[in-house]
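Reading through the structure tokens given below for one structure.
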Amino acid sequence: MIRVSNLSKAFGAKTVLRDVSFECLAGTVTCLLGPSGSGKSTVLRCINGLERMDGGDIHVGEIRVAPESLPSVRRRVAMVFQRFNLFPHRSVLENVLEGPVQVLERPEQDAREEAMAILERVGMADFAHMRPTRLSGGQQQRVGIARALAMRPEAILFDEPTSALDPERVGEVLAVMRELAEEGMSMVVVTHEIDFAREVGDQVIFMDEGVVVEQGPAQAVLTDPQAPRTRLFLDRVLRPF
Amino acid sequence: MNFEGFATDLVLFAPVLFKGFGVTVLLTLSALPLSLVLGLALAMARLSPVPLLRAAAVGFIGIVRGIPIIVQLFCVYFVLPELGINLVPFAAGVLGLGVAYSAYQAENFRAGFEAVDRHLLEAGRSLGMSERLIFRRVTLPLGLRTALPTFGNTTVMLLKDSSIASTITIAELTRAGQLLAISTFKNGEVYIMVGMLYLLASLPLAAAVRFMEKRFATT
Ligand SMILES: Nc1ncnc2c1ncn2[C@@H]1O[C@H](COP(=O)(O)OP(=O)(O)OP(=O)(O)O)[C@@H](O)[C@H]1O
Ligand SMILES: [Mg+2]
Chain A
1 MIRVSNLSKA FGAKTVLRDV SFECLAGTVT CLLGPSGSGK STVLRCINGL
51 ERMDGGDIHV GEIRVAPESL PSVRRRVAMV FQRFNLFPHR SVLENVLEGP
101 VQVLERPEQD AREEAMAILE RVGMADFAHM RPTRLSGGQQ QRVGIARALA
151 MRPEAILFDE PTSALDPERV GEVLAVMREL AEEGMSMVVV THEIDFAREV
201 GDQVIFMDEG VVVEQGPAQA VLTDPQAPRT RLFLDRVLRP F
Chain B
1 MNFEGFATDL VLFAPVLFKG FGVTVLLTLS ALPLSLVLGL ALAMARLSPV
51 PLLRAAAVGF IGIVRGIPII VQLFCVYFVL PELGINLVPF AAGVLGLGVA
101 YSAYQAENFR AGFEAVDRHL LEAGRSLGMS ERLIFRRVTL PLGLRTALPT
151 FGNTTVMLLK DSSIASTITI AELTRAGQLL AISTFKNGEV YIMVGMLYLL
201 ASLPLAAAVR FMEKRFATT
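Chains as they are written, first to last, in UniProt numbering: chain A, 1 to 241; chain B, 1 to 219.
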């Protein structure tokens with residue numbers, strides 16, 4: 001579904017990604033783990049063209065990611081952001097309708113029905129007419145997921161979707177994501193939620209300083225990491241003190 | 001200047017001053033939309049991907065802001081006719097003030113657009129929106145909200161600067177006051193009234209801005 005080959009990227013003189021390669025198969029969940037600054041967000045941003053890659057290739061299905069192909073890439077791959085990034089001047093429902101109506105130019109009535117069904121699915125239908133700024137972080141993130149789903153994407157990129165949430169709000173968002181995974185959505189998830197990665201992830205990619213240190217089946221990498229760097233990271237995350 | 005006398009003068013001068021007041025309001029309300037439309041066009045040109053358009057907008061704004069409004073009005077009123085374009089004074093006043101203020105409005109728009117959270121633009125991009133669509137659906141509506149208070153301030157400035165139009169024979173409030181003062185020698189009374197009328201006109205503006213800020217609040 002998404003194939004990243006030898007991706008490299010520099011900001012000015014600073015190389016932030018070097019030869020990053022992995023593949024997220026259709027219907028599977030790939031979790032990107034790694035310390036802050038290791039380049040996880042940059043990988044996601046290169047996949048949907050928010051950042052331009054300097055070397056390597058990314059394919060979404062058979063489409064090669066390039067400036068010309070971005071419109072079709074973005075129709076297939078949606079994104080969910082750490083800070084939600086909902087449009088504050090539009091209601092929850094309008095946020096979800098923005099993509100289908102403005103970009104896909106679907107008839108408003110159909111799109112509205114589908115948007116309500118999606119909001120129902122993420123448990124936010126009752127809030128359809130509220131402004132997102134009135135909602136809790138967990139609720140906003142569920143709207144963020146609904147907005148992504150409304151594009152009927154083939155894959156969704158999640159950039160630390162629960163990192164900005166109160167601890168007790170994390171579960172409600174992860175639960176929605178788990179459901180999506182069970183329904184066969186292809187997902188690339190940057191997260192620090194090790195339990196989520198182990199239970200829902202099919203594959204784990206561990207990154208440090210812009211390179212992939214270790215990758216493999218989620219269970220295997222997380223229960224028995226091979227690289228010392230991965231082991232150290234997992235130790236610190238699982239036993240912070 | 002005693003109070004009773006002031007009251008009598010008020011009654012006496014009111015018709016003339018109100019007429020001038022009407023012209024001032026009309027002049028302001030005519031120059032305002034012109035300045036807004038031109039200002040928005042300039043602000044959009046500044047954001048344009050076309051370098052030539054950006055440079056033209058920056059140059060225009062720089063020139064207009066660097067020249068006193070009174071000189072710009074003279075240009076419109078005295079110089080355009082030499083090029084074969086004859087405007088009645090009122091039209092010249094609207095054009096001169098509208099163009100002069102478009103530069104300030106452009107900066108208001110730009111400040112508003114630039115204040116829009118870039119993460120929201122990325123959200124738009126990730127939905128597959130084109131830059132043009134993002135401008136229309138995200139940057140414009142949010143930027144306008146941010147800029148609202150500055151539009152109010154600029155309009156109050158425009159109202160006051162419309163007095164400059166008195167120099168090209170437009171019988172607005174300041175000129176009406178001048179003529180009245182010259183013919184009655186009652187400078188104090190006349191100019192106090194003139195000042196109060198300007199103040200009076202700016203009050204509803206402030207209220208209108210407050211109303212719109214509430215109406216378009218995003219929270
Ligand atoms: N626009 C940018 N300009 C310059 N440097 C950048 C830019 N974006 C990211 N970087 C740098 O690139 C490196 C990788 O950043 P990235 O955001 O991908 O890391 P991350 O793994 O997502 O970290 P975090 O867990 O903190 O989100 C960091 O060192 C960061 O400072
Ligand atoms: Mg990140």
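Virtual Cβ for every residue (Gly too), placed ideally from N, Cα, C. Since the structure is predicted, the reported quantities are computational estimates derived from the model, not experimental observations.
Those residues which DSSP pairs with residue i across a bridge
{"i": "glycine 55 (chain A)", "result": "A:Ser8"}
{"i": "glycine 216 (chain A)", "result": "A:Val204"}
{"i": "aspartate 166 (chain A)", "result": "Answer is none; aspartate 166 (chain A) lacks a bridge partner."}
{"i": "valine 60 (chain A)", "result": "A:Ile2, A:Ile63"}
{"i": "valine 188 (chain A)", "result": "A:Thr30, A:Leu157"}
{"i": "valine 211 (chain A)", "result": "A:Asp208"}
Interface partners of residue i on chain B, CB under 8 Å
{"i": "histidine 89 (chain A)", "result": "Pro141, Leu142, Arg145, Phe216, Thr218"}
{"i": "methionine 151 (chain A)", "result": "Leu127, Gly128"}
{"i": "arginine 74 (chain A)", "result": "Arg125, Ser126, Leu127, Gly128"}
Residue range of the unbroken alpha helix (DSSP H) whose run includes residue i
{"i": "valine 237 (chain A)", "result": "228-238"}
{"i": "glutamate 189 (chain B)", "result": "187-215"}
{"i": "methionine 116 (chain A)", "result": "108-121"}
{"i": "glutamate 122 (chain B)", "result": "118-126"}
{"i": "leucine 104 (chain A)", "result": "Per DSSP, leucine 104 (chain A) belongs to no alpha helix (DSSP H) and is neither H nor E."}
{"i": "glutamate 4 (chain B)", "result": "3-47"}
{"i": "arginine 142 (chain A)", "result": "137-149"}
{"i": "proline 141 (chain B)", "result": "140-161"}
{"i": "glycine 39 (chain A)", "result": "Where glycine 39 (chain A) is concerned, there is no enclosing alpha helix (DSSP H), given that its DSSP letter is neither H nor E."}
{"i": "threonine 218 (chain B)", "result": "That residue, threonine 218 (chain B), is in no alpha helix (DSSP H); it is neither H nor E in DSSP."}
{"i": "leucine 180 (chain B)", "result": "173-184"}
{"i": "leucine 93 (chain A)", "result": "92-97"}
{"i": "phenylalanine 60 (chain B)", "result": "51-66"}
{"i": "proline 132 (chain A)", "result": "Run containing proline 132 (chain A): none; DSSP gives neither H nor E here."}
{"i": "serine 102 (chain B)", "result": "89-114"}
{"i": "isoleucine 70 (chain B)", "result": "69-74"}
{"i": "glutamate 131 (chain B)", "result": "131-134"}
Identity of the residue in the options nearest residue i by Cα
{"i": "glycine 34 (chain A)", "options": "A:Leu17, A:Ala66, A:Ile118", "result": "A:Leu17"}
{"i": "glycine 12 (chain A)", "options": "A:Met53, A:Ser41, A:Pro161, A:Arg45", "result": "A:Met53"}
{"i": "lysine 14 (chain A)", "options": "A:Glu209, A:Pro217, A:Arg229, A:Gly61", "result": "A:Glu209"}
{"i": "lysine 160 (chain B)", "options": "B:Asn187, B:Leu197, B:Leu148, B:Thr184", "result": "B:Leu197"}
{"i": "phenylalanine 113 (chain B)", "options": "B:Phe6, B:Gly188, B:Phe78, B:Leu42", "result": "B:Leu42"}
{"i": "arginine 178 (chain A)", "options": "A:Arg121, A:Pro67, A:Asn48, A:Phe233", "result": "A:Arg121"}
{"i": "proline 100 (chain A)", "options": "B:Gly143, B:Ser126, B:Val88", "result": "B:Ser126"}
{"i": "aspartate 166 (chain A)", "options": "A:Ser136, A:Leu25, A:Met151, A:Glu193", "result": "A:Ser136"}
{"i": "aspartate 9 (chain B)", "options": "B:Gly84, B:Glu189, B:Pro204", "result": "B:Glu189"}
{"i": "alanine 181 (chain A)", "options": "A:Arg169, A:Glu168, A:Gln203", "result": "A:Gln203"}
{"i": "glycine 216 (chain A)", "options": "A:Arg229, A:Ser5, A:Cys31, A:Arg106", "result": "A:Cys31"}
{"i": "aspartate 159 (chain A)", "options": "A:Ile47, A:Glu68, A:Ala220, A:Gly55", "result": "A:Ile47"}
{"i": "valine 58 (chain B)", "options": "B:Val11, B:Glu172, B:Arg110, B:Ser30", "result": "B:Arg110"}
{"i": "valine 92 (chain A)", "options": "A:Ser21, A:Ala125, A:Gln219, A:Glu199", "result": "A:Ala125"}
{"i": "threonine 90 (chain B)", "options": "B:Ile182, B:Ala165, B:Glu131", "result": "Reading off the sequence, residue 90 (chain B) comes out as phenylalanine, not threonine. Ranking the options by Cα distance to phenylalanine 90 (chain B), first place goes to B:Ala165."}
{"i": "methionine 212 (chain B)", "options": "B:Pro15, B:Leu173, B:Ala147, B:Tyr101", "result": "B:Ala147"}
{"i": "leucine 29 (chain B)", "options": "B:Lys214, B:Leu205, B:Leu53", "result": "B:Leu205"}
{"i": "arginine 229 (chain A)", "options": "A:Ser38, A:Asn6, A:Glu193", "result": "A:Ser38"}
{"i": "arginine 112 (chain A)", "options": "A:Glu94, A:Pro71, A:Gln140", "result": "A:Glu94"}
{"i": "alanine 78 (chain A)", "options": "B:Ile192, B:Ala14, B:Met129", "result": "B:Met129"}
{"i": "valine 80 (chain A)", "options": "A:Arg45, A:Ile63, A:Gly56", "result": "A:Arg45"}
{"i": "methionine 207 (chain A)", "options": "A:Gly49, A:Leu86, A:Thr42, A:Ala155", "result": "A:Thr42"}
Within chain A, the residues that residue i reaches when beta carbons sit closer than 7 Å
{"i": "leucine 38 (chain B)", "result": "Simply none; closest approach about 25 Å."}
{"i": "valine 138 (chain B)", "result": "Phe87"}
Interface partners of residue i on chain B, CB under 7 Å
{"i": "valine 212 (chain A)", "result": "What valine 212 (chain A) touches in chain B: nothing, since even the nearest Cβ is about 24 Å away."}
{"i": "glycine 137 (chain A)", "result": "Correct list: empty, because the minimum Cβ distance to chain B is about 15 Å."}
{"i": "glutamine 102 (chain A)", "result": "Met129, Leu133, Arg137"}
{"i": "methionine 79 (chain A)", "result": "Ser126"}
{"i": "arginine 83 (chain A)", "result": "His119"}
Contacts that residue i makes with chain B (C-beta to C-beta distance below 9 Å)
{"i": "leucine 50 (chain A)", "result": "Glu122, Arg125, Ser126"}
{"i": "proline 71 (chain A)", "result": "Gly128, Ser130"}
{"i": "glycine 61 (chain A)", "result": "What glycine 61 (chain A) touches in chain B: nothing, since even the nearest Cβ is about 15 Å away."}
Range covered by the beta strand (DSSP E) that runs through residue i
{"i": "glutamate 23 (chain A)", "result": "14-24"}
{"i": "methionine 79 (chain A)", "result": "77-80"}
Beta carbon proximity, residue i to chain D, threshold 8 Å
{"i": "glycine 99 (chain A)", "result": "As a matter of chain content, chain D is missing from the structure shown, whose protein chains are A and B."}
- Query: Quick one, what's near ligand 1 if you take every residue whose CB is closer than 6 Å to any heavy atom, in chain order?
  - Reply: Qualifying residues, in the order they occur: A:Phe11, A:Val16, A:Gly34, A:Ser36, A:Gly37, A:Ser38, A:Gly39, A:Lys40, A:Ser41, A:Thr42.
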